[in-house]
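So for the sequence shown, our numbering puts the first residue at 133; every next one is plus one. For every residue, glycine included, the Cβ atom is placed at its ideal position computed from N, Cα and C.
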Amino acid sequence: MKKSPNEIQALITLLGDEDANIRSIAREHLLQIGQEAEVFLRQAAHDDGDGRTRIEARHVLAQIRQEDLISSFYVLGLLEEEQIDLEHAAFLLARVGYPDLDIAPFQKELEGFADRIRDRLAEPPQTKTGRAIVEAINQVLFEEEGFHGNVEEYHDPDNSYLNRVIERRTGIPVSLSVVYLLMARRLQVPVYGVNLPVHFICQYHTPAESFLLDPFYGGRLITRAECMKLLHGSGMTFEDRMLQRASPRTIIARMVRNLILIHSQQDDIAKATFLDRILKMLRTQEP
């Protein structure tokens with residue numbers, strides 16, 4: 133049943149009650165109301181009034197947002213591969229770390245990068261060679277904007293949240309590859325993700341021209357032999373299937389797995405468990 137603003141406010145007031153049972157009942161009712169209560173809970177969570185109410189409101193708000201995210205990933209997981217939008221999914225994942233995220237400024241910034249790349253090319257990208265296209269992307273992203281691999285703090289969770297990757301101009305192989313892929317999509321050029329174990333990379337591919345590139349290291353070209361060497365150095369055997377095109381589902385799942393590992397290593401079991409729920413919603417067939 134839909135609740136009026138006054139009823140929601142009354143429930144929030146009860147979050148500050150001295151009786152733990154009353155607080156528990158109020159929490160459950162607010163969780164059932166869900167999104168409709170968010171605006172009121174946000175206000176209470178930042179109110180200078182009763183401290184207990186403020187803390188309880190923050191907890192309830194966090195739970196509602198988590199369940200909303202789970203629902204969003206559930207819907208995403210039901211989609212066919214070609215229906216999943218990588219940009220939407222990556223920003224959705226960023227809301228795990230930044231629930232109040234407004235994606236519009238970041239999308240505008242990505243559009244700005246793409247416009248500058250078009251200016252470098254001077255002509256439609258489809259008329260250029262793959263090498264020329266990649267050179268223009270690399271110039272804007274890595275030389276001018278300073279995107280780079282975060283070698284110093286490789287296990288920082290912010291390396292996996294797209295908003296922070298764009299803000300800080302740094303990330304890990306898969307997240308920097310996502311930025312690269314979002315440029316390629318805007319330019320309508322055939323660059324794909326490659327889910328290489330240990331180190332995610334990209335590939336430019338047309339019937340006439342095909343090569344691998346590494347956004348973590350400034351978009352430099354990387355050979356098949358270098359991929360083999362990289363895997364052998366990690367005790368793995370190279371297989372041709374490892375260079376297949378990665379779907380958006382596979383890319384996001386890899387980012388989620390990275391975050392699960394990071395939070396597990398940091399003993400943040402609650403966050404790791406929540407991310408594991410998201411991974412299950414993605415319905416990926418990969419280990």
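Go ahead and pull the three-state DSSP assignment for residue i.
{"i": "D408", "result": "helix"}
{"i": "P342", "result": "With the sequence shown as reference, residue 342 is identified as Ser, and Pro is not the correct amino acid for it. It is a strand residue."}
{"i": "R155", "result": "helix"}
{"i": "A378", "result": "strand"}
{"i": "H220", "result": "helix"}
{"i": "V321", "result": "coil"}
{"i": "G148", "result": "coil"}
{"i": "E214", "result": "helix"}
{"i": "L173", "result": "helix"}
{"i": "F205", "result": "helix"}
{"i": "L253", "result": "helix"}
{"i": "E188", "result": "helix"}
{"i": "L240", "result": "Looking at the sequence itself, residue 240 is Lys, so the reference to Leu does not match. It is helical."}
{"i": "M387", "result": "helix"}
{"i": "Q271", "result": "helix"}
On the DSSP bridge list, what partners appear for residue i?
{"i": "I333", "result": "V326"}
{"i": "G445", "result": "Since the displayed the chain opens at 133 and closes at 419, residue 445 lies outside it and no answer follows."}
{"i": "R352", "result": "D346"}
{"i": "G303", "result": "G281"}
Starting from the C-beta of residue i, find all residues in its chain whose C-beta is less than 8 angstroms away, skip the five residues before and the five after it, and write them out in chain order.
{"i": "F370", "result": "C359, M360, L363, H364"}
{"i": "A168", "result": "A quick correction: the sequence has Glu, not Ala, at residue 168. Here the set comprises K134, K135, I140."}
{"i": "R276", "result": "Residue identity differs from the one stated: residue 276 is Glu in this sequence, not Arg. Result list for E276: R248, in chain order."}
{"i": "I123", "result": "Given a span of 133 to 419 for the chain in the structure shown, any question on residue 123 remains unanswerable."}
{"i": "E285", "result": "N291"}
Taking 8 angstroms as the threshold (beta carbon to beta carbon), is residue i in contact with chain D?
{"i": "H364", "result": "Of the chains in the structure shown, none is chain D; there is only one protein chain."}
Near residue i, which residues of its chain fall below 6 angstroms by C-beta distance, leaving aside the five closest residues on each side in sequence?
{"i": "L353", "result": "F343, L345"}
{"i": "L273", "result": "F279"}
{"i": "I269", "result": "I249, M315"}
{"i": "R377", "result": "Y324"}
{"i": "T338", "result": "P322"}
{"i": "E341", "result": "G262"}
Requested in this report: Please determine if the stretch 342-359 and the stretch 384-398 are in contact, where contact requires at least 3 C-beta pairs separated by less than 8 angstroms.
Outcome: Pairwise C-beta distances place the stretch 342-359 out of contact with the stretch 384-398, as fewer than three of them are shorter than 8 angstroms.
Report task. Spell out a yes or no on whether the stretch 373-388 and the stretch 221-229 are touching, meaning 3 or more CB-CB pairs, one atom from each, closer than 8 angstroms. Result -> Taking a cut-off of 8 angstroms for Cβ pairs, the stretch 373-388 and the stretch 221-229 touch, as three or more such pairs fall below it.
Query - Any 3 or more C-beta pairs closer than 8 angstroms across the stretch 236-256 and the stretch 327-338 - result: In short, these stretches do not touch, since the Cβ pair count stays below three.
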